[in-house]
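A.B. asks:
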Amino acid sequence: MTPKRRLNILLADDGSQHAQAAVEWLQDISLPPKSRILVFRAFHSGQIPWIPEFEGSLERARSRLTGRGYRVETELKLGHAAEMLVEISEARTPDLIVLGAKGLRATAGILLGGVAQQVVEYARCPVLVIRAPYQGFCRVLLVTDGSPSSQSAVRYLGKFPFRENMDLRLLHVLPPPRPPVLMEPYYGAWQTVYAAYPTPELEEAVRKRETTRGEALLARTSSLLKRRGIESTPVLARGDAATEIIDFAGKNRIDLIVAGSRGLSQFKSLWMGSVSRKVVHYSACSVLIVKGPRKE
26 MTPKRRLNIL LADDGSQHAQ AAVEWLQDIS LPPKSRILVF RAFHSGQIPW
76 IPEFEGSLER ARSRLTGRGY RVETELKLGH AAEMLVEISE ARTPDLIVLG
126 AKGLRATAGI LLGGVAQQVV EYARCPVLVI RAPYQGFCRV LLVTDGSPSS
176 QSAVRYLGKF PFRENMDLRL LHVLPPPRPP VLMEPYYGAW QTVYAAYPTP
226 ELEEAVRKRE TTRGEALLAR TSSLLKRRGI ESTPVLARGD AATEIIDFAG
276 KNRIDLIVAG SRGLSQFKSL WMGSVSRKVV HYSACSVLIV KGPRKE
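With positions in the sequence shown counted from 1, the corresponding number in our numbering is that position plus 25.
1) Mind checking which residues open and close the beta strand (DSSP E) that includes residue 167?
2) Could you tell me which of 169, 315 and 266 sits nearest to residue 200, measuring between CA atoms?
3) Work out the CA separation of residue 186 and residue 178 for me, nearest whole Å.
4) Is the beta carbon of residue 314 sitting closer than 8 Å to the one on residue 145?
5) From residue 74 to residue 87, what does the alpha carbon distance come to, in whole angstroms?
6) DSSP on residue 91, reduced to helix/strand/coil?
7) Tell me residue 311's beta-bridge partners as DSSP assigns them.
8) Using the C-alpha atoms, what's the distance from residue 164 back to residue 278?
9) Who does residue 125 pair with in a DSSP beta bridge?
10) Going by alpha carbons, who is nearest to residue 316 out of 59, 147, 246 and 58?
11) What residue from 244, 224 and 56 has the CA that sits closest to residue 197's CA?
12) Tell whether a beta-carbon distance below 8 Å holds between residue 259 and residue 193.
13) Counting C-beta neighbours from all protein chains within 10 Å, is the total for residue 120 16 or more, i.e. buried, or is it exposed?
14) Of the choices 43, 171 and 248, whose alpha-carbon is the least far from that of residue 159?
15) Check whether the region 64-71 touches the region 33-50, counting contact only when three or more Cβ pairs, one atom from each stretch, lie closer than 8 Å.
16) Using the Cβ count rule (16 or more neighbours within 10 Å means buried), how would you classify residue 53?
17) Can you tell me whether residue 239 is buried or exposed? The criterion is at least 16 other CB atoms within 10 Å of its CB, across all chains shown.
18) Suppose you measure from the CA of residue 274 to the CA of residue 310; what does that come to, to the nearest Å?
19) Look at the alpha carbon of residue 232 and the alpha carbon of residue 169, and state the distance between them as a whole number of angstroms.
20) Which value, in whole angstroms, describes the spacing of the CA atoms of residue 100 and residue 237?
Here is the structure:
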């Protein structure tokens with residue numbers, strides 16, 4: 026699936042295997058002619074002796090991406106990588122930032138490195154975090170909750186360079202069952218009476234309403250994707266959202282998770298919602314985060 030409009034892509038290169046996987050992805054996809062790719066690398070003062078090596082790495086990336094009608098540039102600059110990537114994205118307004126997840130394995134999964142974490146957190150444009158090895162984005166999971174940021178993610182998929190044989194799953198997670206609360210109608214009485222709330226009947230009615238709304242949301246989103254030429258398989262789950270998303274991706278060998286994240290302009294630390302932050306941090310596959318409309 027080739028986008029109709031040429032894309033402007035900012036590719037971060039740090040020489041890691043994950044950055045190499047990002048280059049492999051760009052080699053694998055089809056972009057419109059004259060699409061622009063800026064391959065950028067930052068370095069600090071202690072790395073000055075390795076500048077020739079960094080320049081060679083940038084040139085190798087450039088040579089692997091040229092010859093396909095793309096306009097490929099390279100840039101090597103002194104400074105903090107995450108800050109400079111965000112600054113460049115503010116100035117150039119790319120359609121996408123692509124970077125590798127230079128992570129550390131832990132019992133909870135894979136934790137992002139500082140640069141990737143900060144770029145995902147603060148950049149306004151969509152950010153694709155690629156984890157090695159890259160084997161093609163054949164199985165894709167789109168997460169939706171009906172929010173404006175989810176709708177932005179759905180619209181963005183229409184111009185994202187996917188393979189023609191992509192298997193897209195559309196997931197909505199219902200809230201987990203609410204544990205009954207024990208109420209005390211007679212406080213201070215000699216014999217206290219307890220009652221469970223909500224009652225099983227009320228809880229079942231609530232679950233049915235949530236299921237109906239979830240199925241309707243999936244149907245609307247699936248229809249919207251179909252109008253953009255994208256077929257999808259709806260999936261309804263229930264539980265903790267981040268846990269369900271990560272578990273589903275692992276069990277179904279998902280290559281890429283696509284999720285929206287709300288944008289809050291006044292407090293940058295709150296740009297990422299808790300669910301999307303956990304998905305980016307702990308999923309074992311690549312993740313594409315699309316920011317929702319900013320609130321000024």
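In this text, a Cβ means the ideal position worked out from N, Cα and C, and glycines have one as well.
C.D. replies: From the atom records:
1) 164-168 is the span of the beta strand (DSSP E), which, as asked, contains residue 167.
2) Out of 169, 315 and 266, 266 has the C-alpha closest to the C-alpha of residue 200.
3) If you take the alpha carbons of residue 178 and residue 186, they lie about 14 Å apart.
4) The Cβ-Cβ distance between residue 314 and residue 145 falls below 8 Å.
5) Rounded to the nearest whole angstrom, the C-alpha separation of residue 74 and residue 87 is 22 Å.
6) Coil.
7) For residue 311, which the question treats as bridged, DSSP gives the partners 281.
8) Their backbone Cα atoms lie some 7 Å apart in a straight line.
9) BP columns for residue 125 point to 155.
10) The shortest CA-to-CA distance from residue 316 to any of 59, 147, 246 and 58 is the one to 147.
11) Among 244, 224 and 56, the Cα nearest to that of residue 197 is on 244.
12) Their beta carbons are not under 8 Å apart, which means residue 259 does not touch residue 193 by this criterion.
13) By the 10 Å Cβ count, residue 120 comes out buried.
14) Among 43, 171 and 248, the Cα nearest to that of residue 159 belongs to 43.
15) The count of Cβ pairs closer than 8 Å, one atom from the region 64-71 and one from the region 33-50, reaches three, so the stretches are in contact.
16) That one is exposed.
17) Residue environment analysis places residue 239 among the buried positions, since at least 16 neighbouring C-beta atoms fall within 10 angstroms of its C-beta.
18) Distance between the alpha carbons of residue 274 and residue 310 is about 8 Å.
19) Approximately 19 Å between the Cα atoms of the pair.
20) Rounded to whole angstroms, residue 100 and residue 237 show a C-alpha spacing of 51 Å.
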